[in-house]
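Protein chains in written order, with this note's numbering: chain V, 43 to 182; chain Z, 46 to 309. Ideal Cβ positions, reconstructed from N, Cα and C, are used throughout, including at glycine. See structure below.
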Amino acid sequence: MTKETLFNSTASNPSPGSFPVELEGLVDENTVLVQRTLRSGQSIYHDGNVVILGDVNPGAEVVASGNIIVMGSLRGVVHAGAKGDTNAIILAFRLRPTQLRIGNHITRPPEDESSDPDYPELARIKNGVVTIETFNSVIR
Amino acid sequence: MGEVIVVTSGKGGVGKTTTTANLGMGLASHGKKVCLVDADIGLRNLDVVLGLENRIVFDIVDVTSGVCRIRQALIKDKRCEGLHLLPAAQTKDKTAVNPDQMKELCEELRKEFDYVIIDCPAGIEQGFKNAIAGADKAIVVTTPEVSAVRDADRIIGLLEAAELREPKLIINRYRPKMVNRGDMMSIDDMNEILAIDLLGVVPEDEQVVVTTNKGETVVRDEKSQSGQAYRNITRRILGENVPLMNLEEQSGLFSALRKMIGLK
Ligand SMILES: Nc1ncnc2c1ncn2[C@@H]1O[C@H](COP(=O)(O)OP(=O)(O)O)[C@@H](O)[C@H]1O
Ligand SMILES: [Mg+2]
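What follows is the structure, encoded as structure tokens:
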């Protein structure tokens, strides 16, 4: 599915919430867009997906039942799939979380900071463990 | 109508009082009428730092509770015309003043002064809420330590929530040598997290302690690096475009010399 098809399908469908049959299950309406940086002490809890146009600073927290996408540096605590969805993913332009949780899995980054890459990365559960990989637009 | 600027930090001991005193003295030296307000009720020390302790008769709580008029509580600095202090109360606690009273007080003061600078207590509770209530601008002070930066970040979030937009940052007690060794956060490291405008960087300098203990301000010490830093910050507040001074110059030159003569 490309962006274009999604755009066309919603555009040709004026009533919100109804999508062509072939897109059902691919389209999720329950997503919030946060248009700022979350600073220390600030948090977001959402039943659905969360997209953040900014950073998640150390001391900030994002908890979502769905996926979490950070269009910036993720340095705080994140929990995707907080209701147990082990298919949830966490994606960030710079993935440097204090702690990262997916479903009931909890991980911390390795102690040595030297390996911090400056490209987007994706965290998800593969074969029962949280894995971090380079994000290259093909998610599943 | 003057500006009301609150100097805040979250963490204690990072240099709010030092900054308030030096910026007040700096601005007054430029001929501005300045009123410093000590909002750290119960732990007052701005008066001590300025060497004005023995002249206190009335304090901020006397003003807000109507015991005296503002004019009676203001203390004129003995060295610099234009600099005034409204001292905190030592014997009462933070709940003796509320945010509405602070707003009213700041509105009165800004009619008389070009700059009203409020020295905020540490923390994010009532004392902080009082201190920011009447302010229209904020300066956030931090030191290059992870915990101080974390608290500064928290404070910036709270300032933004209180509609005090675009706070400015002062980095205090900066030690270039430690930064070069990788043992201290650099200016870039802090900027990456806090992402607000940098008003200035004040180096770690024992002259700060020396002058403070004498009730003097380092901004009037022509020779010290920290004094220069505070003079630069003062000019930036006045709207001048002053580049960041090179804090490494001294140590860089010394180490280059040392290398030349084979000491290292
Ligand atoms: N740049 C500096 N270099 C050395 N000492 C400093 C510097 N800035 C502040 N200090 C010292 O640190 C201590 C705490 O400063 P203060 O201004 O009282 O902090 P705060 O008001 O935030 O609690 C004081 O003893 C002060 O003299
Ligand atoms: Mg203080």
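- What in chain V is Cβ-close to I201 (chain Z), meaning under 7 Å? Within 7 Å Cβ-Cβ: R81.
request  = With hydrogens ignored, establish whether the beta-carbon of L131 (chain Z) is closer than 8 Å to any heavy atom of ligand 2.
outcome  = Not one heavy atom of ligand 2 lies closer than 8 Å to the C-beta of L131 (chain Z).
> Name the chain Z residues that come within less than 7 Å of Q84 (chain V), Cβ to Cβ?
Replying inline: Neighbours of Q84 (chain V) in chain Z, taken as residues whose beta carbon is under 7 Å from its own, are G202 in chain order.
message = At the level of alpha carbons, what is the spacing between I163 (chain Z) and V172 (chain V)?
response = Taken atom to atom, the span from the alpha-carbon of I163 (chain Z) to that of V172 (chain V) is near 49 Å.
**Prompt:** I think D127 (chain V) touches G145 (chain V), with their Cβ atoms under 8 Å apart; what is that distance to the nearest whole Å?
**Reply:** Confirmed, Cβ separation roughly 6 Å.
- Using the C-alpha atoms, what's the distance from P144 (chain Z) back to R210 (chain Z)? If I take the Cα positions, the gap works out to 18 Å.
Exercise. Verify whether the separation of the beta carbon atoms of L81 (chain Z) and L150 (chain Z) is less than 9 Å.
Key: For the pair L81 (chain Z) and L150 (chain Z), the CB atoms are not nearer than the 9 Å cut-off.
Original post:
List, in order along the chain, the chain V residues whose C-beta lies closer than 7 Å to that of R195 (chain Z)?
Top reply: Those within 7 Å of R195 (chain Z) in chain V are S82, P100, G101.
Q) Taking only beta-carbon atoms, is R117 (chain V) less than 9 Å away from chain A? A) The chain inventory of the structure shown lacks chain A, comprising the protein chains V and Z.
Q) Taking the alpha helix (DSSP H) that P144 (chain Z) falls in, what are its first and last residues? A) 144–157 is the extent of the alpha helix (DSSP H) around P144 (chain Z).
Would the stretch 172–185 of chain Z count as touching the stretch 50–66 of chain Z if we require 3 or more Cβ pairs under 8 Å? Flag = yes, the stretch 172–185 of chain Z and the stretch 50–66 of chain Z touch.
* Nearest-angstrom beta carbon gap, G114 (chain V) and T79 (chain V) [assumed within contact, 8 Å] -> Contact between T79 (chain V) and G114 (chain V) holds, since their C-beta atoms are separated by about 7 Å, short of 8 Å.
Look up I177 (chain Z) in the DSSP assignment and say whether it is helix, strand or coil.
-> Correct three-state label for I177 (chain Z): helix.
ask   = What beta strand (DSSP E) runs, 3 residues minimum, are completely inside the stretch 66–95 of chain Z?
value = Qualifying beta strand (DSSP E) stretches, in chain order: 79–83.
* To do: Consult DSSP for S271 (chain Z) and reduce its assignment to one of helix, strand or coil.
  => In the structure shown, the three-state DSSP call for S271 (chain Z) is helix.
Using a Cβ-based criterion (distance less than 8 Å to any ligand heavy atom), does D198 (chain Z) qualify as near ligand 2? Closer than 8 Å to some heavy atom of ligand 2: that does not describe the Cβ of D198 (chain Z).
Under the DSSP definition of a beta bridge, which residues are partnered with N91 (chain V)?
The bridge partners DSSP lists for N91 (chain V) are V:T73.
- [ ] Would you verify that the beta carbon of I238 (chain Z) is, or is not, closer than 9 Å to some beta carbon of chain V?
- [x] Output row for I238 (chain Z): interface = yes.
Tell me which residues of the stretch 209–231 of chain Z have at least one Cβ-Cβ distance to chain V shorter than 9 Å, keeping chain order. Listed by position along the chain: nothing, the set is empty.
Query - Element boundaries [beta strand (DSSP E), containing A106 (chain V)] - result: DSSP places A106 (chain V) inside the beta strand (DSSP E), whose first and last residues are 103–106.
Delimiting residues of the beta strand (DSSP E) encompassing A134 (chain V) = Residue range 132–137 is occupied by the beta strand (DSSP E) that includes A134 (chain V).
Is there at least one non-hydrogen atom of ligand 1 closer than 8 Å to the beta-carbon of K61 (chain Z)? Answer for K61 (chain Z): yes, Cβ within range of ligand 1.
- Message: I want to check one thing, is the minimum distance from the CB of V94 (chain Z) to the heavy atoms of ligand 1 below 8 Å?
- Response: The answer is yes for V94 (chain Z).
Checklist entry - Can we count L214 (chain Z) as close to ligand 2, meaning its CB is less than 8 Å from some heavy atom? => result Checking every heavy atom of ligand 2 against the Cβ of L214 (chain Z), none is found closer than 8 Å.
Item to check | CB contact check: D104 (chain Z) to chain V, cutoff 9 Å | outcome: Against chain V, the CB of D104 (chain Z) has no partner CB under 9 Å away; the residue lies outside that interface.
| query | Is the beta carbon of A167 (chain Z) sitting closer than 9 Å to the one on G60 (chain Z)? | reply | Taking 9 Å as the cut-off, the Cβ atoms of A167 (chain Z) and G60 (chain Z) do not count as close.
Notebook entry, point to check: How should A206 (chain Z) be labelled, buried or exposed, when 16 other C-beta atoms within 10 angstroms of its C-beta is the threshold for buried?
Noted result: A206 (chain Z) is exposed by the Cβ-count criterion.
Just checking P248 (chain Z) against ligand 1 - is the residue's beta carbon closer than 8 Å to any of the ligand's heavy atoms?
Checking the Cβ of P248 (chain Z) against ligand 1 gives yes.
Below 6 Å CB to CB, which residues in the same chain sit around G272 (chain Z) once its five sequence neighbours on both sides are set aside?
-> Closer than 6 Å at the Cβ level, and outside the excluded window around G272 (chain Z), lie V263, V264, D266.
Check your understanding: Is R265 (chain Z) near ligand 1, going by C-beta to nearest heavy atom under 8 Å?
Key -> Relative to ligand 1, R265 (chain Z) has its C-beta separated by 8 Å or more from all heavy atoms.
Min CB distance D127 (chain V) to chain Z below 9 Å: Cβ-Cβ to chain Z under 9 Å: no for D127 (chain V).
(message) I'd like the span of the beta strand (DSSP E) that includes P248 (chain Z), first residue to last.
(response) Note, P248 (chain Z): beta strand (DSSP E), 243–248.
Does D158 (chain V) come within less than 9 Å of chain Z when only Cβ atoms are used?
Judged by the 9 Å Cβ criterion, D158 (chain V) is not in contact with chain Z.
Checklist entry - Does DSSP put S115 (chain V) in a helix, a strand or coil? => result In the structure shown, S115 (chain V) sits in a strand (DSSP, three-state: E or B).
C-alpha gap between T44 (chain V) and E190 (chain Z), whole angstroms:
The predicted position of T44 (chain V) is uncertain, since its pLDDT is 31 and thus under 50; no value can be drawn from it.
**Asked** Taking the alpha-carbon positions, what's the D234 (chain Z) to A183 (chain Z) distance?
**Response** Cα to Cα, the separation comes out at about 21 Å.
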